[in-house]
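Data first, discussion second: the structure below is written as structure tokens.
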Amino acid sequence: MKPLSTRTDSFTDSVIRRMTRVSLQYNAVNLSQGFPDFDPPKAITDRLSRIAPEGPHQYALTWGAQNFREALAAKQKHFSGMDVDPNTEIVVTCGSTEAMMASMMSVCNPGDKVVVFSPFYENYGADAILSGATPIYVPLVPPTFSFDANVLEDAMKQPNVKALILCNPSNPCGKVFTYEELKVIADLAIKYDIYVITDEVYEHIVYEPHRHTYMATLPGMRERTIICSSLSKTYSITGWRLGYVIANPEIIDRVKKVHDFLTVGAAAPLMEAAVIGLQFEDSYYQELQAHYTHMKNLFTSGLRDIGLTFTEPQGAYYVMVDISQFGYENDEEFCIDLAREVGVGAVPGSSFFREDVNHLIRMHFAKKDETLHAALDNLSRINKLKR
Ligand SMILES: Cc1ncc(COP(=O)(O)O)c(C=O)c1O
69 MKPLSTRTDS
79 FTDSVIRRMT
89 RVSLQYNAVN
99 LSQGFPDFDP
109 PKAITDRLSR
119 IAPEGPHQYA
129 LTWGAQNFRE
139 ALAAKQKHFS
149 GMDVDPNTEI
159 VVTCGSTEAM
169 MASMMSVCNP
179 GDKVVVFSPF
189 YENYGADAIL
199 SGATPIYVPL
209 VPPTFSFDAN
219 VLEDAMKQPN
229 VKALILCNPS
239 NPCGKVFTYE
249 ELKVIADLAI
259 KYDIYVITDE
269 VYEHIVYEPH
279 RHTYMATLPG
289 MRERTIICSS
299 LSKTYSITGW
309 RLGYVIANPE
319 IIDRVKKVHD
329 FLTVGAAAPL
339 MEAAVIGLQF
349 EDSYYQELQA
359 HYTHMKNLFT
369 SGLRDIGLTF
379 TEPQGAYYVM
389 VDISQFGYEN
399 DEEFCIDLAR
409 EVGVGAVPGS
419 SFFREDVNHL
429 IRMHFAKKDE
439 TLHAALDNLS
449 RINKLKR
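And the structure:
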């Protein structure tokens, strides 16, 4: 038979999902794949039960149900101050995953380059390959995960750089970019005429005293920023696959076309049920933040008591733990031993870094107290991995 497409030849399977399989195999507490094990807000699930008999059950408008887009535009205005036209500046997608891919497909031609901060969320590599773009990596240097503005400029001024991908708050390192850092990036984006594609799925999971700033609100950035985000993390509904792109009408016209032929649309009944979430009062977001702060404090104080060194997250729900003291050369091997002998699933940090970094592993803490206590209990025996 004729050879199949070579498009995905350089993909490896997802290390994160591989570590979930390893966790299952050894019955370990799985802190590798980032999703909550607690329920979504009851108002949203109640609404889903109420609309089940009556629908909508057929296709919504391809770029998203009208009431969903209107509620989203109002929420974006509330949190960022941005005026967003729900009819011309939003496409509702199947998660931020599709939002990112559709944005990359809309912006990049084969041969273009995209700047990506490393460590990075693994999807960006695949997004670049499928859209024909070549990534250029700029290090966020541990343990503070700061970047060198000169290195960034060297990357951004290369020929054919079309876009920069900005994950803020960041997975895996928990960095929340300050206004000053965003201004450095924005000024370079304007100087070299580069689009910024943001992944802001953790926009509402930020720890005091840090604050989330929307890149699109910086001077001159509204027209060149493509916001990708989703409801997955904010409302604990990762399985509903509701995300969106917000950008200027010209970009959105392109995104609509990609989205239309890729998926036709997001799930109509789930959009309808989630509208109520987009309309929640501020108190919902304050409670969400308080809940995540509680989980972060529980988990990180437990790690500290065990004697582990880690980077304190500023946002999102991941901790990068330093495993240098255990004497492993290979962090994947460490993670397999951790699952098998200690009973906790984690992700090898090397899967997120372009640079040769293999002394960090990522664990997430979006879990019920009992799950975190069980994980910490198992981790208290981690010293047996010392070589
Ligand atoms: C940075 C980042 N972007 C996107 C996603 C996926 O988001 P969605 O469920 O909206 O596709 C994740 C999930 O872990 C993530 O960490």
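Mapping to the numbering used here: the sequence shown position 117 is 185, numbers consecutive. Where a beta carbon is used, it is the ideal one built from N, C-alpha and C, also for glycine.
- Shortest Cα-Cα distance from ILE295 to any of GLY149, LYS301 and VAL264 involves VAL264.
- With a threshold of 6 Å, the Cβ atom of ASP255 does not count as near ligand 1, since no heavy atom of the ligand is closer than that.
- For ALA231, the beta-bridge partners assigned by DSSP are VAL182 and TYR263.
- Sixteen is the threshold: since fewer than 16 other Cβ atoms of the shown chains lie within 10 Å of the Cβ of GLY123, the residue is exposed.
- Between VAL160 and TYR312 the beta-carbon gap is near 5 Å, inside 8 Å, which marks them as a contact.
- Unbroken beta strand (DSSP E) runs of no fewer than 3 residues, entirely contained in the region 269 to 298, are found at 293 to 298, following chain order.
- Taken atom to atom, the span from the alpha-carbon of THR80 to that of TYR189 is near 14 Å.
- In this structure, DSSP gives GLY345 a helical state, which the three-state scheme calls helix.
- Runs of the beta strand (DSSP E) lying entirely within the region 133 to 178, each at least 3 residues long, are 158 to 161 in chain order.
- A heavy atom of ligand 1 is found nearer than 6 Å to the CB of ASP267.
- Of the candidates ASP390, PRO211, GLY307 and ASN451, GLY307 places its Cα closest to the Cα of ASP107.
- Within the same chain, and ignoring the five residues on either side of LEU406 in sequence, the residues whose Cβ sits closer than 8 Å to its Cβ are ALA96, VAL412, GLY413, ALA414, ILE429, ILE450 and LEU453.
- By the CB criterion at 7 Å, PHE402 and ILE391 fall inside the cutoff.
- Three or more Cβ pairs closer than 8 Å define a contact, and the region 190 to 197 falls short of that threshold against the region 345 to 353.
- MET150 is the residue among GLU249, MET150, GLU138 and GLU166 whose C-alpha sits nearest the C-alpha of ASN316.
- Note on geometry: alpha-carbon atoms of ILE119 and VAL252 lie some 47 Å from one another.
- Look at ILE314 here: in three-state DSSP terms it is strand.
- In terms of side-chain proximity, the C-beta atom of SER117 is found no nearer than 6 Å to any non-hydrogen atom of ligand 1.
- Looking at the DSSP output, HIS362 bridges to nothing.
- Under a 10 Å Cβ-count criterion, PHE245 is classified as buried, with 16 or more other Cβ atoms of the shown protein chains found around its own Cβ.
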